[in-house]
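If you read the sequence shown in our numbering, its first letter stands for residue 40, the second for the next number, and so on. Idealized CB from N, CA, C, for every residue including glycine. All of these numbers come straight from a predicted model, not from anything done at the bench.
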Amino acid sequence: MANEVKTIGVLTSGGDAPGMNAAIRAVVRTALANGLKVKGIRRGYSGLLDEDIVDMEAQSVSDIIQRGGTILYTARSKEFMTTEGQDKAAEICRKHGIDGLVVIGGDGSFRGAADLAVRGINTVCLPGTIDLDIACTDYTIGFDTAVNTAMEAIDKVRDTSTSHERCSIIEVMGRKAGYIALWCGIANGAEDILVTERYDYDEQKIIDKIIERRKAGKKHYIIVNAEGIGDSNNMAKRIEAATGMEARATIIGHIQRGGSPTCIDRVHASAMGAYGVDLLCKGASNRVVGYRDGNYVDYDIKEALAMKKDIDQYLYDVSKTLSR
Ligand code: ATP
């Protein structure tokens, strides 16, 4: 029988992202609306292994849709990455009557959900990461808030950069993925955007461009770096030495993870949470929810993890054309 799930567990795992609370709220309320019980698992897979499990009612998720972070806390667990850890986690789910599990996190968390699905726990994953680095979806919970937060911060740096006629190197999050840098670089009118997917590490080209633009009367020079590019402070020192233009690095850091989620993050997170529970109610397991070409969709976890994603070449080309 498809509709066998009676109790849904929900956890957040990996890095936190604004909008995770909206997703938790949607999972809880959709499950309750379908006559299911819901249990919140605190601190991700680590909390599951510690049996840090609480009953969730409609009011457990009151007043959280507007809050950043995750009320269920998040963690990373080495123990869960072992076969013994996964066996134990599945047993704990069974002990607590959890036959369906919603995992909100990034691709590492999805791998864990696939391991539980093999052990008979019906799992559904929601893409919760500010990095937008999940290939099966055009949108991930938290990206929109993170880019808006970074964009506002870069606007402020830009003001002071112009006043002091400085070169500002602004580092945003994204160790492997340059989406935040690309989007902010375009939104903030950066002169250069360095992303790991495209940067050739030829700093001389940047230096030549700064010298040329300065001669043409530019008052500032903004470079937006993705975190994975390397040490922005050292880059600032080298650029200052080579160009004679004062150069400073600003690392925006964890500010990008926090704060009240934007409308887009709240709405997509709500819809994805509801969609995930609907999947479990239909008897689905081992699925990742995505948003593609304007529709909510779902994929087999392994299929989703095998997909590859590159930054948008068109947006990248546009950024180059506009940075004059
Ligand atoms: P983010 O993108 O924010 O880093 P993530 O979900 O990718 O999120 P990870 O640290 O990779 O973050 O994974 C979160 C947790 O998921 C890990 O601590 C671990 O418990 C579990 N996990 C990660 N990879 C695997 C794996 N290959 N098999 C089983 N479990 C895994």
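| query | result |
| --- | --- |
| Status (buried if at least 16 other CB within 10 Å, exposed otherwise) for E130 | exposed |
| Per-residue burial, L140 [other beta carbons within 10 Å of its own, 16 or more giving buried] | buried |
| At least three beta-carbon pairs within less than 8 Å, the region 339–353 to the region 103–110 | no |
| K76 to A70 span [Cα, whole Å] | 7 Å |
| Backbone secondary structure at A323 - three-state DSSP | coil |
| Any non-hydrogen atom of the ligand ATP within 7 Å of T176 CB | no |
| Alpha-carbon to alpha-carbon, A286 and I278 | 7 Å |
| Contact test: G213 Cβ vs the ligand ATP heavy atom, cutoff 7 Å | no |
| Sequence-distant residues of its chain with Cβ nearer than 7 Å to L319 (five each side left out) | V44, I47, G139, N161, V163 |
| Proximity of D317 and V327 at Cβ, strictly below 8 Å | no |
| Residue from D304, N60, S358, V157 with nearest C-alpha to I104 | N60 |
| First through last residue of the beta strand (DSSP E) which encompasses C164 | 161–166 |
| Beta carbon of T282 nearer than 8 Å to that of I249 | yes |
| Which of helix, strand or coil DSSP assigns to E210 | strand |
| With 16 other Cβ atoms within 10 Å as the buried cut-off, status of N273 | exposed |
| Collapsed DSSP secondary structure at G107 in the structure displayed | coil |
| Cutoff 6 Å; reference Y178; Cβ partners in own chain excluding five residues on either side | H307, Y330 |
| In DSSP terms, what Y260 is bridged to | C206 |
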